[in-house]
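Chains as they are written, first to last, in my numbering: chain A, 48 to 311; chain B, 289 to 557.
Here a beta-carbon is modelled for each residue, glycine too, at the ideal position from N, C-alpha and C.
Computed from a predicted structure; not experimentally measured.
The next block holds one structure in the form of structure tokens; read it before the comments.
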Amino acid sequence: MMTKLMNILKWPLVLVTFFLLYFPIIIIAILSVNESQSAHIFTGFTFKWYEEIITNSSLRTAIFNTFLIAIISTAISTVIGTAVAIGINANSKKESTKVLMLSNIPIVNPDIVTGLSLMIVFSFVRLKFGFPSMLIAHIFFSVPFVILSVLPKLRSLDKDIFYGAVDLGCTPMQAVFKVILPAIKTGIITGALIAFTMSIDDFVISYFTTGSGFSNFSIWLYSRLGRRTFSPAAYAYNTLIIIGTFTTIMIMNLKSYRKERKRN
Amino acid sequence: MDYLQRLSKPYKWIMYLLVGVPIIIMILLSFTSTLGVDFSGAEFSLDNLGRLNEPVYTQAIKNSLTLSSIATIICFLIGYPIAFMITKIRDKYKWLILVMVISPMWSNMLLRIIAWEQLFKPNSLLNTIGISLDLLGTRSAIIIGMVSIYLPFMIFPIFTVLDKMDKSLIEASVDLGATKTQVFTKIIFPLSISGVASGVMMTFLPSATAFALPERLGGGRILLIGNVIENLFKRVYNYNLGSLLSIVIILIIFGAMRIINRQEGGLII
């Protein structure tokens, strides 16, 4: 009975899923080439909103800030996260569960709780709201993702590899840089990629920890919703990002496909 | 090994501070009346606790719990079969389909909410094909938005668990005479509960605490607890009542986690 039910429901379910996930993105793409500024009517095809990404100075600054924060926070949190993961891996089971539980808190916590907590701490210690506070916030929520992707690689590594290197005359520092880091490279890269995407996409935590007019793309967008200053250039920017990610994925896919064919 | 062990120590203390201190401050703020987080001249007061009973707040908490529960159930009903189907795809295409499921998340979340908002208006692009949804400001609008945005968070953890599952268990049960339905209800589903649990957490918690989504799709008529808190902190600057409501959210999180963990244990046994 169950298999029958599954067979009947299969395609409707796939269709509903595709619709739910992709309908908004298709609408955004259509609106990005819509001549009219109002979103309820399609008056003609245009690329002027794509031009406006560059000419609209407030949008340009917001996009610049988004990438600035994402690049710096990814770099810092990748270093911190990798170091902490190595530390966790070297510690006793009890200690490492404790640290892991703490580091999971920002992942499990809804954004609004994380954002509010940081905002309260920052205003308590009188940190300047704006670029520095937002950067610290982004590092705070990125580090756990780096830890989570580096740790499995470390766990599968032979624990004695570090001792071996030290016995053979490496300083502990050299052992980490020449032996451990190369072995966990893929985990570090995955972690950095996740951190970067989380940072680019973040709205809620940034919204609560920013100040003095510093805004990333999401905050720029939110402050203009339903106002005259809203520009469809936002749709254009998003469409470019989507096209960019899809092309990257396709190229990566094609490359691995070719590699496989060569091997066979 | 001592050298490596030290690497996680500072992080541990910073996390204790960044997680613990705000909760302590929030509890202090909840029972005082202050200006922002300035505690000079703070007075003890239970006013906020009384205001928690006001219909605005009770309704917001109720809305949050019901709407996000419905959205989570729908996500599960769609997400589980989809995750199951993906595990059946040949390895070469599996990866591609997974990317298809995750890639909408690279599109800005706010913008996707706006896209739904535009479609739910009585006058929308859909008029050109003769449809007018006119859903803005309804519960259905919020639920559709939530499902659309959080569905990948349900599919992914369930897929991970199903894909890693030991296939020999299924073969063994078939050999021992289990029907397909029995294989599913007695082997596959119980083994995938941990994935379901994290999927439920990852859809329920963010949807229950969202504020941009209900603000745009609820048309200002339906408030969730996130809207109330955002309003208190960012617009009215009432940190005291805001903190109390945040504590309520944190309690809801703990409650949800406990229920899910208990369910998990119960279902496995």
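(request) For Ala500 (chain B), return the contacting residues in chain A, with the cut-off set at a CB-CB distance below 8 Å. (result) Near Ala500 (chain B) (Cβ distances below 8 Å), the residues of chain A are Phe250, Val251, Tyr269.
(request) Residues of the segment 270-287 of chain A with a CB closer than 8 Å to any CB of chain B: list them in chain order, please. (result) Going along the segment 270-287 of chain A in chain order, one finds Leu272, Ala281, Tyr282, Asn285 with a Cβ nearer than 8 Å to chain B.
(message) Is Ser395 (chain B) close to chain A? Criterion is C-beta to C-beta, closer than 8 Å.
(response) Taking Cβ atoms only, chain A reaches closer than 8 Å to Ser395 (chain B), which makes this a yes.
(message) If I follow the unbroken alpha helix (DSSP H) through Leu384 (chain B), where does it start and stop?
(response) Its alpha helix (DSSP H) spans residues 379-390.
(message) Is it the case that the segment 130-144 of chain A contacts the segment 189-202 of chain A, given that we only count it when at least three CB pairs across the two stretches are under 8 Å?
(response) At 8 Å Cβ cutoff, the stretches touch.
(message) Can you tell me whether Ser328 (chain B) is helix, strand or coil according to DSSP?
(response) Residue state, collapsed to three classes: strand.
(message) Tell me the rounded alpha-carbon separation between Ile374 (chain B) and Gly483 (chain B).
(response) Their Cα atoms are separated by approximately 15 Å.
(message) Within 10 Å of its beta-carbon, does Asn151 (chain A) have 16 or more other beta-carbons around it, so buried, or fewer, so exposed?
(response) Result: exposed.
(message) Give me the chain A residues within the contact set of Met489 (chain B), using Cβ-Cβ distance strictly less than 8 Å, ordered along the chain.
(response) Below the 8 Å Cβ cutoff, chain A contributes Val155 as neighbours of Met489 (chain B), in chain order.
(message) Give me the DSSP bridge partner(s) of Phe250 (chain A).
(response) Looking at the DSSP assignment, Phe250 (chain A) forms no beta bridge with any residue, so it has no partner.
(message) Let's test the definition: count the other Cβ atoms within 10 Å of the Cβ of Gln406 (chain B) and tell me whether it reaches 16, buried, or not, exposed.
(response) Classification of Gln406 (chain B): buried, given that the 10 Å Cβ count is 16 or more.
(request) With a cut-off of 8 Å on the beta carbons, I'd call Val449 (chain B) and Ile458 (chain B) a contact; round off their distance for me. (result) The C-beta distance from Val449 (chain B) to Ile458 (chain B) rounds to 14 Å, too long to meet the 8 Å contact threshold.
(request) Report yes or no: is there a C-beta of chain A within less than 8 Å of the C-beta of Arg400 (chain B)? (result) Look at Arg400 (chain B): its C-beta is under 8 Å from a C-beta on chain A.
(message) Any beta carbon of chain A sitting closer than 8 Å to that of Leu505 (chain B)?
(response) By this cut-off, Leu505 (chain B) is not an interface position.
(request) Would you kindly work out how many angstroms separate the C-alpha atoms of Thr50 (chain A) and Ile362 (chain B), rounded to a whole number? (result) Cα-Cα distance, rounded: 20 Å.
(request) Mark Asn341 (chain B) as exposed unless 16 or more other C-beta atoms lie within 10 angstroms of its C-beta, in which case mark it buried. (result) Classification for Asn341 (chain B): exposed.
(request) Return no unless some Cβ of chain A is closer than 8 Å to the Cβ of Thr497 (chain B). (result) Yes, contact with chain A.
(request) Using a Cβ-Cβ cut-off of less than 8 Å, give me the residues of the segment 411-433 of chain B that come near chain A, in sequence order. (result) Result list: Asn411, Ser412, Leu413, Asn415, Thr416, Ile432.
(request) Flag this pair as yes or no: are the beta carbons of Val352 (chain B) and Leu67 (chain A) separated by less than 8 Å? (result) Note on identity: in this sequence residue 352 (chain B) is Ser, with Val being the wrong assignment. In this structure, Leu67 (chain A) does not lie closer than 8 Å to Ser352 (chain B) by Cβ.
(request) Could you tell me whether the Cβ atoms of Ser246 (chain A) and Thr121 (chain A) are closer together than 8 Å? (result) Cβ atoms of Ser246 (chain A) and Thr121 (chain A): closer than 8 Å.
(request) Using beta-carbon positions only, say whether Pro494 (chain B) and Ile430 (chain B) come within less than 8 Å of one another. (result) Contact annotation: Pro494 (chain B) and Ile430 (chain B) have beta-carbon atoms that are not nearer than 8 Å.
(message) Is it buried or exposed, Glu331 (chain B), if we count other Cβ atoms within 10 angstroms and call 16 or more buried?
(response) By the Cβ neighbour-count rule, Glu331 (chain B) is exposed, with fewer than 16 other Cβ atoms within 10 Å of its own.
(message) Let's see if you can read the secondary structure: which residues bound the beta strand (DSSP E) around Ser164 (chain A)?
(response) Not the beta strand (DSSP E): Ser164 (chain A) falls in the alpha helix (DSSP H), residues 158-171.
(message) Out of B:Ile538, B:Leu337, B:Phe492, B:Ile313, which one is the CA nearest neighbour of Thr354 (chain B)?
(response) The shortest Cα separation from Thr354 (chain B) among B:Ile538, B:Leu337, B:Phe492, B:Ile313 belongs to B:Phe492.
(message) Is it the case that the segment 534-543 of chain B contacts the segment 304-317 of chain B, given that we only count it when at least three CB pairs across the two stretches are under 8 Å?
(response) Judged by Cβ distances under 8 Å, the segment 304-317 of chain B makes contact with the segment 534-543 of chain B, as three or more pairs qualify.
(message) Considering just the uninterrupted stretch of the alpha helix (DSSP H) at Leu505 (chain B), what are its terminal residues?
(response) Unbroken alpha helix (DSSP H) run through Leu505 (chain B): 500-505.
(request) Under the assumption that Gly238 (chain A) contacts Phe192 (chain A) (Cβ atoms under 8 Å), give the Cβ distance between them as a whole number of angstroms. (result) Sure, about 6 Å apart at Cβ, within 8 Å.
(request) Would you verify that the beta carbon of Leu198 (chain A) is, or is not, closer than 8 Å to some beta carbon of chain B? (result) Judged by the 8 Å Cβ criterion, Leu198 (chain A) is not in contact with chain B.
(message) Tell me the DSSP secondary structure of Ile557 (chain B) in three-state form.
(response) Only weak support is given to the placement of Ile557 (chain B): the predicted model assigns it a pLDDT of 27, under 50, and the question is left unresolved by the model.
(message) Relative to the C-alpha of Arg378 (chain B), which candidate in B:Met303, B:Asp451, B:Met545 has its C-alpha closest?
(response) Of the candidates B:Met303, B:Asp451, B:Met545, the one whose C-alpha sits nearest the C-alpha of Arg378 (chain B) is B:Asp451.
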